[in-house]
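J.: A single structure is presented below for examination.
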Ligand code: SAH
């Protein structure tokens, strides 16, 4: 099977590439894609660069050009729930775009034109993740993930997202990738390790914990590939 693995930042895919050998590098449509093999699967790995548009472009290229059959997103996120600590792992059950606002026309916040607010991930991939977590004694929590083109670093904005969407974690790519996957009918799994709490100190925490949290997520993904 050909599996795509996507991160937003270089730091999110570096720990994955470090575990692989015989990596082929391909430049296409303004981005670099890394091909490798693991556990009888062909992997195509890339980081999209931050944000919803960048991640939608890269996810589309993975689908259309590299013909991936499943997509796994690995990266970091800001935690909303009080019980989410730095380094904790969450997987998305569903995702939404918190900054998509057509409310002036009577649509609910996050409504994607001619579509819906929430996009689900693939239940089979989620089941595999739950099994991997259990086998490795890892506390993996299900989460509603809110994505937007904003780094959230204030309790006020965080609480609005929490109250409006019942979201548990915040990042900047997952929901746009989920929208792409729904168009291509491609099974998606989104994993995020907490890098900050989306509060006043989020920028400092992010810089401090990006690399360690990205590694936690990447290592889990490697274990997951072995179970697929
Ligand atoms: N330091 C970078 C910007 C990082 S943006 C620069 O200078 O360019 C944060 C990245 O991590 C995004 O890819 C997003 O998906 C995720 N993320 C982590 N914490 C977040 C938060 N509190 N709000 C939004 N995105 C967050």
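Numbering (the working numbering), first residue to last: 147 to 374. Note that beta-carbon positions come from the ideal geometry of N, C-alpha and C, so glycine has one too. None of the values given here were measured: they were computed from a predicted structure.
Fully enclosed by the region 260-300, which beta strand (DSSP E) runs are 3 residues long or longer?
T.: If we require 3 residues or more, the beta strand (DSSP E) runs fully inside the region 260-300 come out as 286-293.
J.: Does the beta-carbon of residue 257, which I'm using as the reference point, lie nearer than 6 Å to any heavy atom of the ligand SAH?
T.: For the purposes of this step, residue 257 is taken as the residue at position 111 of the chain shown. Residue 257 Cβ: outside cutoff for every heavy atom of the ligand SAH.
J.: Check whether the Cβ atoms of residue 192 and residue 179 sit closer than 7 Å, and answer yes or no.
T.: The count along the chain shown starts at 1 and reaches residue 192 at position 46. The count along the chain shown starts at 1 and reaches residue 179 at position 33. It is a contact, given that the beta carbons lie within the stated cut-off.
J.: For the ligand SAH, which residues have a Cβ under 7 Å from at least one heavy atom, in chain order?
T.: Spelled out in chain order, the answer is 154, 155, 196, 221, 222, 223, 224, 296, 297, 298, 299, 316, 317, 318, 319, 341, 342, 344, 348, 352 and 353.
J.: If you draw a straight line from the alpha carbon of residue 202 to that of residue 335, how long is it in whole angstroms?
T.: Against the chain shown, residue 202 aligns to sequence position 56. Against the chain shown, residue 335 aligns to sequence position 189. About 15 Å.
J.: Does the beta-carbon of residue 256 have 16 or more other beta-carbons within 10 angstroms, so that it is buried, or is it exposed?
T.: As a first step, residue 256 must be located in the chain shown, where it is residue number 110. The residue is buried, with at least 16 neighbouring Cβ atoms inside 10 Å.
J.: Starting from the C-beta of residue 330, find all residues in its chain whose C-beta is less than 7 Å away, skip the five residues before and the five after it, and write them out in chain order.
T.: Sequence index remark: in the chain shown, residue 330 carries index 184 (1-based). Only 209 meet the Cβ criterion.
J.: If I measure Cβ to Cβ from residue 268 and keep anything under 7 Å in the same chain, skipping five residues before and after, which residues do I get?
T.: The count along the chain shown starts at 1 and reaches residue 268 at position 122. Here the set comprises 333, 334 and 335.
J.: Using the beta-carbon count (16 or more within 10 Å), is residue 340 buried or exposed?
T.: Residue 340 sits at position 194 when you count from the first residue of the chain shown. Classification of residue 340: buried, given that the 10 Å Cβ count is 16 or more.
J.: When the Cα of residue 337 is compared with those of 306, 296, 274 and 297, which residue comes out closest?
T.: Position 191 of the chain shown, counted from the first residue, corresponds to residue 337. Among 306, 296, 274 and 297, the Cα nearest to that of residue 337 is on 274.
J.: What does DSSP give as the partner residue(s) for residue 118 in the beta ladder?
T.: This structure gives no information on residue 118, because the portion of the chain shown stretches from 147 to 374.
J.: Taking only the alpha-carbon atoms, compute the straight-line gap between residue 216 and residue 322 and give it to the nearest angstrom.
T.: Counting from one through the chain shown, the residue named residue 216 turns up at place 70. Counting from one through the chain shown, the residue named residue 322 turns up at place 176. When rounded, the distance between both Cα atoms is 16 Å.
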